[in-house]
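Residue numbers (our numbering): 3 to 856.
Right, dumping it as structure tokens:
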């Protein structure tokens with residue numbers, strides 16, 4: 003079980019317009035008041051999975067108190083299975099079997115055609131073969147480990163003892179597995195047709211990192227005598243197509259990277275199966291002194307420079323077993339590597355080349371390395387390194403990159419660069435709508451897997467197909483015509499390349515299989531759209547309901563998705579062609595409780611007209627005076643058509659329905675910003691939004707509360723230093739001393755926090771010493787003497803995003819000034835609370851605080 007905090011989704015910013023009160027699921031029922039003791043009836047849904055033919059769908063019902071339940075439902079007959087405490091529901095690729103993990107480490111295996119259920123105890127994990135004919139179940143009982151392999155066509159199965167690792171080849175006709183015992187270790191091959199086992203290699207060492215090549219006829223594995231990535235480790239290679247050719251690599255090889263050993267990362271094969279890639283790194287060097295020298299001339303500050311993962315980076319190498327040659331791809335000068343899709347070339351760079359700098363992601367110089375010749379040449383200078391600003395193609399012929407406001411292609415074979423969007427007269431770059439400083443693109447949708455084209459989004463949220471071979475382009479969505487913003491559903495596709503550089507990963511799209519888009523327009527209009535290469539965009543579904551959780555059946559154009567409104571919980575839909583079916587209505591009990599009402603308000607912001615969401619008290623009657631809670635964080639109006647589960651369990655201690663069901667109004671106002679003035683910007687926008695809703699005479703001006711978390715916590719604390727509008731406030735995990743935070747170091751990345759202020763969320767736009775007065779003027783701690791509002795502070799003592807000491811400082815300042823302040827510190831929690839008892843405790847304490855003062 004885990005709490006799903008609706009308010010935690012406010013980081014997504016999508017402008018929406020209006021909403022209406024919904025009929026209660028289309029039926030007239032007697033309504034009753036929703037009380038906190040009723041909240042536990044609600045569940046949230048996630049982890050949707052659709053069978054290959056779309057005839058079955060599974061998901062998890064996540065309850066606050068009761069056991070979570072894995073549901074499996076036929077989309078044709080609505081036959082249903084329920085597995086309490088189930089998780090990891092998986093369909094075999096043939097679509098005939100379904101497996102899941104159940105309670106107490108029990109694996110559940112279901113024959114979908116016959117309805118037969120098999121259960122296996124003490125199972126750690128399971129894995130279907132790609133052809134769907136076999137399943138492996140990894141069994142762990144105390145210190146004993148074994149592997150069960152089951153033939154799903156004849157139900158024959160076998161169990162092998164002392165198995166440490168296993169892997170099926172691509173065709174599923176061979177299983178490689180490692181056994182490690184006190185006496186010896188061995189690597190074995192099983193023929194899955196007859197379950198005959200052949201021992202490939204054995205010794206008194208331990209073995210690990212078992213990997214098949216893509217062709218399914220060769221394997222890799224590591225032999226480590228000391229089981230600790232020692233200098234005596236060996237990398238073994240076997241090829242079964244060449245009379246079982248075998249060879250090994252160790253650190254004593256003449257070309258092995260000098261003074262390095264195998265790094266603890268699994269090796270892998272090249273795409274054609276002829277080469278092996280492995281990582282190496284230097285053993286840590288003990289410091290000769292206890293003194294840390296932080297020099298002003300260091301490009302990278304001392305803690306970051308000396309972090310283990312930077313001081314001794316994992317460097318990629320290529321080994322050619324046939325020629326017994328090693329090529330060092332990653333080096334001390336160019337430690338980061340991105341392989342091209344065909345693994346014949348690599349892109350290398352130094353992520354620190356432009357340090358010191360103030361960007362979130364610094365520029366980099368990229369070099370192209372020919373892995374056959376070992377030659378390196380410059381590719382791009384000072385290239386942006388934002389997410390997907392540089393992406394290699396799946397088949398290795400091109401790279402796409404964003405530069406100077408346009409999308410370019412680089413052809414590796416001819417060394418040519420082409421600007422593919424300059425002539426389109428449509429902007430593709432953006433100065434982020436709500437963050438200052440770091441210009442970037444509006445979105446990279448992925449490469450087609452044959453390298454023929456890639457897909458990008460323009461600033462109007464339309465998608466284009468760009469062809470690097472011809473330079474031609476084609477707009478494939480109709481956002482301008484319909485006034486909609488389109489986004490690709492990325493959950494449908496795997497990412498590549500297999501590298502340690504996620505900012506350069508992309509999607510490989512099969513143009514014949516298609517691409518799914520969600521369009522969001524005015525008046526809460528949303529649609530589901532399907533595109534296939536050489537065909538126009540097809541509308542699958544349109545309505546005024548919010549769409550999410552989209553899935554596509556692998557073997558047919560059938561789609562499942564959920565839809566919801568503010569007043570109606572999500573329902574599960576399936577569409578094929580023009581045939582739409584509702585499969586499941588979640589939380590049907592909501593129909594029996596009080597009518598909910600919410601409206602979208604408009605008011606003046608810093609730069610533009612803004613929106614806010616005003617939630618009415620349950621069973622609202624005009625004329626009665628009510629208190630109101632104002633929750634702030636960036637822009638929240640984009641969630642106007644999303645259903646909110648009532649809950650006492652929130653990582654931030656806030657759920658709007660806790661208050662609307664207790665007679666409160668709740669306002670979620672949008673905020674925009676003047677660069678260099680974040681605190682006063684929040685003050686002006688929030689004040690304008692509140693004044694607008696106070697035109698509603700049912701809201702009591704003297705009973706207003708303010709609450710925010712993280713950046714919203716900072717804004718809350720600042721607003722109460724400048725305004726007497728609120729009778730009580732709650733600030734969670736916020737920044738209070740801007741100067742100290744600016745000159746602090748992130749404990750995870752070891753980067754100074756100043757980038758957050760100069761080019762990101764704090765929006766100051768300039769360094770501290772250039773506009774010091776602005777930093778102090780917008781600092782809650784600096785203005786603490788002006789606070790007259792009762793303020794509840796809370797924080798997690800293990801918060802690595804914002805030091806809990808920030809809240810302690812504000813508490814000490816206000817306490818010393820004789821102000822009304824209280825601080826809650828949760829010792830084992832982080833930036834948000836994860837322990838359910840703490841979540842409820844925080845929610846109830848915040849509610850009590852507001853009840854006392856409002």
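Backbone N, C-alpha and C define an ideal beta-carbon position, used for all residues, glycine too.
These numbers come from a predicted model, not from an experiment.
Could you tell me which of the options sits nearest to residue i, measuring between CA atoms?
i: residue 313; options: 329, 813, 243 and 284; result: 284
i: residue 103; options: 450, 122, 190 and 851; result: 122
i: residue 889; options: 219, 252, 240 and 215; result: No information on residue 889 is available, as it lies outside the stretch 3 to 856 that the chain covers here.
i: residue 271; options: 295, 238 and 288; result: 238
i: residue 815; options: 189, 49, 161 and 719; result: 719
i: residue 509; options: 388, 536, 451 and 407; result: 451
i: residue 422; options: 414, 456, 561 and 448; result: 456
i: residue 671; options: 697, 704, 637 and 642; result: 637
Please classify residue i: does DSSP put it in a helix, a strand, or coil?
i: residue 817; result: helix
i: residue 513; result: coil
i: residue 782; result: coil
i: residue 319; result: strand
i: residue 777; result: helix
i: residue 562; result: strand
i: residue 737; result: coil
i: residue 845; result: helix
i: residue 306; result: helix
i: residue 378; result: strand
i: residue 79; result: coil
i: residue 838; result: helix
i: residue 176; result: strand
i: residue 295; result: coil
i: residue 403; result: strand
i: residue 120; result: strand
i: residue 853; result: helix
i: residue 683; result: helix
i: residue 151; result: strand
i: residue 164; result: coil
i: residue 18; result: Legend: pLDDT at residue 18 = 29, less than 50; position of this residue unreliable, no value from coordinates given.
i: residue 2; result: Nothing about residue 2 can be read from this structure; the chain reaches only from 3 to 856.
i: residue 519; result: strand
i: residue 258; result: coil
i: residue 830; result: coil
Below 9 angstroms between beta carbons: does that hold for residue i and residue j?
i: residue 386; j: residue 365; result: yes
i: residue 616; j: residue 603; result: yes
i: residue 86; j: residue 72; result: yes
i: residue 110; j: residue 134; result: no
i: residue 151; j: residue 194; result: yes
i: residue 223; j: residue 209; result: yes
i: residue 460; j: residue 446; result: no
i: residue 153; j: residue 125; result: no
i: residue 851; j: residue 792; result: yes
i: residue 156; j: residue 130; result: no
i: residue 212; j: residue 146; result: no
i: residue 190; j: residue 183; result: no
i: residue 725; j: residue 685; result: yes
i: residue 844; j: residue 835; result: yes
i: residue 802; j: residue 832; result: yes
i: residue 545; j: residue 528; result: yes
i: residue 534; j: residue 516; result: yes
When the cut-off is 9 angstroms and only beta carbons count, does residue i lie next to chain B?
i: residue 516; result: Structure shown: chain B not included; a single protein chain is present.
Count the CB pairs spanning the stretch 555-570 and the stretch 651-660 that are closer than 8 angstroms, and state whether there are at least three.
-> no
Hey, is the stretch 757-766 in contact with the stretch 675-683, meaning 3+ C-beta pairs nearer than 8 angstroms?
-> yes
Length-filtered (4 minimum) alpha helix (DSSP H) runs lying within the stretch 336-375 = none
Do the stretch 698-718 and the stretch 633-649 touch if we need at least three Cβ pairs shorter than 8 angstroms?
-> yes
Given 8 angstroms as the limit, is there contact between the stretch 729-748 and the stretch 336-347, that is, 3 or more CB pairs closer than that?
-> no
Ordered list of alpha helix (DSSP H) runs contained in the stretch 452-493, each at least 4 residues | Under the rule that a run must span 4 or more residues, the alpha helix (DSSP H) segments found entirely inside the stretch 452-493 read 481-484.
Okay, do the stretch 274-281 and the stretch 315-323 touch, 3+ Cβ pairs below 8 angstroms being the bar?
-> yes
With a floor of 3 residues, list each beta strand (DSSP E) that falls wholly inside the stretch 36-61, ordered by position along the chain.
-> Counting only runs of 3 or more, we get 45-52.
Are three or more beta carbon pairs between the stretch 345-362 and the stretch 294-303 nearer than 8 angstroms?
-> yes
What are the complete beta strand (DSSP E) segments, minimum 3 residues, inside the stretch 609-661?
-> 611-617 and 628-634
Unbroken stretches of the beta strand (DSSP E), 3 residues or longer, contained in the stretch 520-608 | 528-533, 540-545, 548-554, 560-566, 573-578, 581-587 and 600-606
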